[in-house]
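Asks:
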Amino acid sequence: MWFAIAMLFMALLSSLDIGIYSYIGYKTSVTPFQYGLISAMWSAVFIASNLFLGKISDKGNNKFLIVISFLSIMVTGVLFSFHSLTFLAIAYMFHALGVASSNLAVSTTIFEMKSSDRWKYYIELQKFSYYLIRGFGLLSFYFIGNIIPLDYFIYFSVAIGFLTFLSLPKVNLRMERVLHSFSQDFNSIANHIKILSYLAYDSISSLPNAVKQGYISYKAVSTKMISLSMFFATFTGDYIFTILPLLIKSYISLGLLWLSYGITALIISFSLILFSMFSNTGNKKVAISLIISRGIWLVSVLSFINNTLNLIAYIAISSVLFSMIDIALYNIFSEGSSGYGSHIYYTLRELGTLTGSLLVGIAYTLGKEVFITIPIITTIISAVMLLIA
Numbered sequence: 020m021w022f023a024i025a026m027l028f029m030a031l032l033s034s035l036d037i038g039i040y041s042y043i044g045y046k047t048s049v050t051p052f053q054y055g056l057i058s059a060m061w062s063a064v065f066i067a068s069n070l071f072l073g074k075i076s077d078k079g080n081n082k083f084l085i086v087i088s089f090l091s092i093m094v095t096g097v098l099f100s101f102h103s104l105t106f107l108a109i110a111y112m113f114h115a116l117g118v119a120s121s122n123l124a125v126s127t128t129i130f131e132m133k134s135s136d137r138w139k140y141y142i143e144l145q146k147f148s149y150y151l152i153r154g155f156g157l158l159s160f161y162f163i164g165n166i167i168p169l170d171y172f173i174y175f176s177v178a179i180g181f182l183t184f185l186s187l188p189k190v191n192l193r194m195e196r197v198l199h200s201f202s203q204d205f206n207s208i209a210n211h212i213k214i215l216s217y218l219a220y221d222s223i224s225s226l227p228n229a230v231k232q233g234y235i236s237y238k239a240v241s242t243k244m245i246s247l248s249m250f251f252a253t254f255t256g257d258y259i260f261t262i263l264p265l266l267i268k269s270y271i272s273l274g275l276l277w278l279s280y281g282i283t284a285l286i287i288s289f290s291l292i293l294f295s296m297f298s299n300t301g302n303k304k305v306a307i308s309l310i311i312s313r314g315i316w317l318v319s320v321l322s323f324i325n326n327t328l329n330l331i332a333y334i335a336i337s338s339v340l341f342s343m344i345d346i347a348l349y350n351i352f353s354e355g356s357s358g359y360g361s362h363i364y365y366t367l368r369e370l371g372t373l374t375g376s377l378l379v380g381i382a383y384t385l386g387k388e389v390f391i392t393i394p395i396i397t398t399i400i401s402a403v404m405l406l407i408a
């Protein structure tokens, strides 16, 4: 029960992320530079929150984290009600704190309350539920947004946040991540001993295939490189999506933008089922191919967005590819870190958003060639980082 309620809360916060940010772009006289700065400030708050709350997460204090989250969203609702650019921007910052603390609270609960051999399943289920609910949330913005103001959606999210606090089980015995870490270390040591014993008598070529494969499978990945790959992958997408509402607002309404994002989220949720069923979601080669494919799509199709259908296709395919990248890299990261340090992954991912948001406002004024070249470069770097991880 707690998992379903927590997924509802997190998905609502994600819907509000798109809702509040696009509302600012459409309903205020914000400039491109201010718009990019607001997005970057959201990321800065998210990063600072992860760094500050990361130790609390690793200690298993999930209940405290979820309290911070729903109180932050409560403040968001109060500030949003003023509807001026300044208050909306500040409300958006509190929303960032709420998202960061809820992410850590739920991740901590999964890693400590679920067996490590089920982590991958719950991470994939979390992403599916997240996008499915977010899709319906954004569709509700479109269909009843003229009847019920966005303010009330925020208040509803606060109520769900409180229910999440009540239902979330308290982590009392922090053992699962410790045991997983010990198991990883033990397997690594055991395989090194096997190799040394064979080398003592012959050469590496005499190793049985089973031992070679075992050694390779337990070879440690660089969680730092995985996080950096995620940084550049996030940078590439958010660099473009930060400025997107301002690029299309003259011929696509706010309601149609919400509709596009809502349909996209539903497409993502079902795409993730297929991805989980027919692909190894923790495979580096799969992730690299997804990173390259997404980079090509983002850059090559941007100039063809001139109607709602094209917008939906552009957002949908870009977002589906990114969600698959996120799942793959997070699975690799979690396996390598034994569930610890989730805040590092989230921080580097959001740092990509921050730098992309800041840079796009400058690059856009320097001309189309500069604007398009940057995401090409960052896509290549992201793939290379993952390749050497």
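Using this note's numbering, read the sequence shown as starting at 20 and increasing by one per residue.
Note that beta-carbon positions come from the ideal geometry of N, C-alpha and C, so glycine has one too.
Mind checking whether Ile310 and Ser246 have CB atoms under 8 Å apart?
Replies: no
Asks: Whole angstroms is fine: what's the gap from Phe22's alpha carbon to Phe83's?
Replies: 17 Å
Asks: Which one of Met132, Lys146 and Ile66 has the shortest CA to CA distance from Phe120?
Replies: In the sequence under discussion, the amino acid at residue 120 is Ser, which differs from the Phe named in the question. The residue among Met132, Lys146 and Ile66 with its C-alpha nearest the C-alpha of Ser120 is Ile66.
Asks: Which class does Ser225 belong to by DSSP, given the choice of helix, strand or coil?
Replies: Note that Ser225 scores 48 on pLDDT, short of 50, meaning its location in the model is unreliable; the coordinates nonetheless yield the value given after this. Ser225 falls in the helix class under three-state DSSP.
Asks: Below 8 Å between beta carbons: does that hold for Met26 and Tyr149?
Replies: yes
Asks: In whole angstroms, what is the alpha-carbon distance linking Thr372 and Ile167?
Replies: 30 Å
Asks: Buried or exposed, going by whether 16 or more other CB atoms sit within 10 Å of the CB of Asp136?
Replies: exposed
Asks: Quick check: the Cα distance between Tyr40 and Ser353, rounded to an integer number of angstroms?
Replies: 30 Å
Asks: Helix, strand or coil: which one does DSSP assign to Val49?
Replies: Of the three classes helix, strand and coil, the one that applies to Val49 here is coil, per DSSP.
Asks: Please classify Asn80: does DSSP put it in a helix, a strand, or coil?
Replies: coil
Asks: Considering just the uninterrupted stretch of the alpha helix (DSSP H) at His439, what are its terminal residues?
Replies: The requested residue 439 does not occur in the structure, where the chain is confined to residues 20 to 408.
Asks: Do Val177 and Asn81 come within 8 Å of each other at the CB atom, strictly closer than that value?
Replies: no
Asks: Between Ser241, Ile334, Phe260 and Leu330, which lies nearest to Ile271 when the distance is taken from Cα to Cα?
Replies: Leu330
Asks: Going straight from the alpha carbon of Ser295 to that of Ile57, what length do you get?
Replies: 35 Å
Asks: Assuming Thr18 is part of the alpha helix (DSSP H), what are its boundary residues?
Replies: Any question about residue 18 goes unanswered here, given that the chain covers just 20 to 408.
Asks: Taking 6 Å as the limit between beta carbons, can you name the residues of its chain near Ile92, skipping five residues before and five after?
Replies: Gly117, Ser176, Val177 and Gly180
Asks: Using a Cβ-Cβ cut-off of 6 Å (strictly less than) and excluding sequence neighbours within five positions of Gly256, which residues of its own chain qualify?
Replies: Phe341
Asks: Report the option in His362, Asn326 and Leu123 whose CA atom is closest to the CA atom of Ile87.
Replies: Leu123
Asks: Cα-Cα, which of His102, Ile351, Ser62 and Gly156 is closest to Leu370?
Replies: Taking only the C-alpha atoms, the option nearest Leu370 is Ser62.
Asks: Figure out for me which residue from Ile24, Phe52, Met29 and Ser308 has the closest Cα to the Cα of Leu265.
Replies: Phe52
Asks: For the alpha helix (DSSP H) containing Ile391, list its first residue and its last residue.
Replies: Lys387 to Leu406
Asks: Going straight from the alpha carbon of Tyr54 to that of Ile334, what length do you get?
Replies: Straight-line Cα distance between these residues: approximately 19 Å.
Asks: Provide the residue span of the alpha helix (DSSP H) that contains Leu9, from first to last.
Replies: No information on residue 9 is available, as it lies outside the stretch 20 to 408 that the chain covers here.
Asks: Decide if Pro394 is buried, meaning its Cβ has at least 16 other Cβ atoms within 10 Å, or exposed.
Replies: Its Cβ being crowded by 16 or more others within 10 Å, Pro394 is buried.
Asks: Taking DSSP as the reference, what is the three-state secondary structure of Lys268?
Replies: coil
Asks: Go ahead and label Gly314 buried or exposed: buried means 16 or more other beta carbons lie within 10 angstroms of its beta carbon, across all protein chains shown.
Replies: buried
Asks: From Thr95, Ala332, Lys387 and Pro188, pick the residue whose C-alpha is nearest to that of Trp316; which is it?
Replies: Ala332
Asks: Are Leu285 and Glu143 close, meaning C-beta to C-beta below 8 Å?
Replies: no
Asks: Taking its Cβ as the centre, do 16 or more other Cβ atoms sit within 10 Å of Asp407, making it buried, or is it exposed?
Replies: Reading off the sequence, residue 407 comes out as Ile, not Asp. Flag for Ile407 reads exposed.
Asks: Keeping to the same chain, check which residues put their C-beta closer than 6 Å to that of Ala382; ignore five residues upstream and five downstream.
Replies: Val389, Phe390 and Ile393
Asks: Skipping 5 residues on each side, what residues in its chain have a beta carbon closer than 8 Å to that of Leu182?
Replies: Only Ile24 and Phe28 meet the Cβ criterion.
Asks: Taking the straight line between their C-alpha atoms, what separation do you get for Ala252 and Glu131?
Replies: 29 Å
Asks: Can you check which of these residues, Lys139, Phe99, Thr47 and Asn350, is closest to Leu35 by C-alpha distance?
Replies: Phe99
Asks: Is the Cβ of Thr253 closer than 8 Å to any Cβ of chain C?
Replies: In summary, chain C is missing from the structure at hand, where a single protein chain is found.
Asks: With distances taken Cα to Cα, identify the nearest neighbour of Phe250 among Thr95, Leu72, Arg368 and Ser68.
Replies: Arg368
Asks: With distances taken from CA atoms, which of Ile282, Leu157, Lys146 and Leu158 is nearest Asp345?
Replies: Lys146
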